[in-house]
Structure formats: C-alpha cells, structure tokens
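Accompanying notes for the structure given below.
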Amino acid sequence: MSLLEVEGINTYYGDSHILFDVSLNVQENEVVALLGRNGAGKSTLLKTIAGALTPKSGTISFDGTPTHQLPAHQIARLGLQLVPEERRVIGGITVHENLQLAAMTAKKPLSYAEIYRTFPRLDERRNNKGRELSGGEQQMVAIARAMIRDARLILLDEPFEGLAPLIVRDLMTICQGLARQGRTIVVVEQNVAAALSMADRCYLLNTGHIVFGGTTQELQQQPEIMNRYLGAAA
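Every number in the numbering used here is 1486 more than the matching position in the sequence shown, counting from 1.
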C-alpha cells in the first residue's frame, strides 16, 4: 500500500475547475516532484492533499486513512505537513521559539537535538529573530517546523524560489537526507533541474491534468514531453 493515494480528485476555486480527475501515489521514503508550468495546478494539488482545499469529488488517503473530508489540522496531526511557499516564519521571535511553537502542536515532537543535527545552520542561529534570517535560513526553519512535528510526509511548495544556488544545493541535500531517515517528500518546484536531481519519481501537470507519471530517468529520456510541458524551464 502506498503512503499517499490520490484517486480522481476534482478541485475548484469558486466556480473555476482547477484539478481534473487527478490520480497519483507516493511510496514511503520517496522524493516525488510535481512539475509543470505556472498555473498548471501544482500548488492547488498540494493544498488539496493537505486539507486546505476540499475536492469536489475523488478520494485521498494517507497511510490507509481517508483524508479528503478531514480539516487541515486533523490531517497534520496524522503526520502530513505542508510547507507553504510563503514560509510563514514568525519574524519577531527567535529560531528556537519558532520551533517551540511548532512542537506545541505535535502529538510526539522530535527532540531539538535531532532538529539541530539535521540543520546545523539553525543551531548557530537559534537565538536570532526570524526577521534576521536569510531566505535560505527561513526555508530551513519552515522545513524544521514540519520535521519537529514528526511528519512522515512533507509537502514542499516552491522551496528553492529566490535562493542562491549554494543554498539550493544545501536544501536538496537535507531533503534527500530526510528521505533516507524514513520521511517522504513531495516537492513542487519551478527549478526543474534541481527537482529532477533529487526526485525518485515525478508527475507532470498541465492545466490541471496529470500528463506524465514515472521515474525521473523515464522523464529525462523523453525530451519531447519535457519541452512540451516544461518549455524553457527544462
């Protein structure tokens, strides 16, 4: 059984139909990339999986539990965490206090020692305010907050946007390490090269439809599909 099963979901924003009969699956300890042009429906799909949006039809299950009708906070407590594009680090409190707030909502929070082993840069900056951090450091805090809640599945929405290549490489290494430690990652990312270099499998979305699903190697062997649906980004 897959850790995450999405079957035939249709999601709307008001009267606008955004996702059309979308199906996908994610196995434990995988890194899966969701790729597509701007407006393809990638972020909407993450929000639907996380419970921020409710599909009009179709089903979603996480570790065998149906979640498509559950509110976001209940889904999060099952071990599925969304790290949104905006990061939402609280600027007026320290790194450590940001982590403490996240830990308060966890059933069984991880130890701070484990978090700081994974993110040594945050250990160095633990007493700095959120507003004093670089974009890359704020992204580390956002991922660390999901991790401290003992998330089994972490959904990352554009984690590399606006970051320097060196920071992107560091974050890629962290995400791959989380998968080796037993966590599962689903990433939406416009940096196609970075996403493909860290992903085991990928799905392509185009105007709300899944147009490809397979291994990263299988996609890279089909340049016509990459050019058609990713264009210059590929």
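Even glycine gets a Cβ: it sits at the ideal position worked out from N, Cα and C.
Bear in mind that the values here come from a model prediction, so they are computed numbers and not experimental data.
List the endpoints of the continuous beta strand (DSSP E) containing residue i.
i, result
"Asp-1643", "1639-1643"
"Thr-1670", "1670-1674"
Expressed to the nearest angstrom, what Euclidean distance is found between the alpha-carbon atoms of residue i and residue j?
i, j, result
"Ser-1620", "Glu-1704", "36 Å"
"Pro-1541", "Glu-1493", "11 Å"
"Gly-1522", "Tyr-1689", "8 Å"
"Ala-1536", "Glu-1710", "32 Å"
"Glu-1572", "Leu-1489", "26 Å"
"Ile-1696", "Ser-1529", "14 Å"
"Pro-1552", "Gln-1513", "16 Å"
"Ser-1547", "Gly-1663", "25 Å"
"Arg-1603", "Asp-1609", "8 Å"
"Gln-1676", "Glu-1644", "7 Å"
In this structure, what does DSSP give as the bridge partners for residue i?
i, result
"Leu-1690", "Leu-1521, Phe-1698"
"Asn-1496", "Ser-1543"
"Thr-1591", "In the DSSP output, where bridge partners are listed per residue, Thr-1591 has none listed."
"Ile-1629", "BP columns for Ile-1629 are empty, so no partner."
"Ser-1502", "Tyr-1499"
So, for residue i: in the same chain, excluding its five sequence neighbours on each side, which residues have a beta-carbon less than 6 Å away from its beta-carbon?
i, result
"Gln-1706", "none"
Tell me whether residue i sits in a helix, a strand or coil according to DSSP, three-state version.
i, result
"Ser-1683", "helix"
"Gln-1707", "coil"
"Leu-1619", "coil"
"Pro-1551", "Residue identity differs from the one stated: residue 1551 is Thr in this sequence, not Pro. Note: Thr-1551 maps to strand in three-state DSSP."
"Asn-1677", "coil"
Sorted by chain position, which residues of the same chain lie with C-beta nearer than 8 Å to residue i's C-beta, five sequence neighbours on each side aside?
i, result
"Gly-1578", "Lys-1615, Gly-1616, Arg-1617"
"Ser-1502", "none"
Just to confirm the assignment, what range does the alpha helix (DSSP H) spanning residue i have?
i, result
"Leu-1568", "Careful: Leu-1568 lies outside any alpha helix (DSSP H), inside the beta strand (DSSP E) at 1566-1569."
"Thr-1604", "1598-1604"
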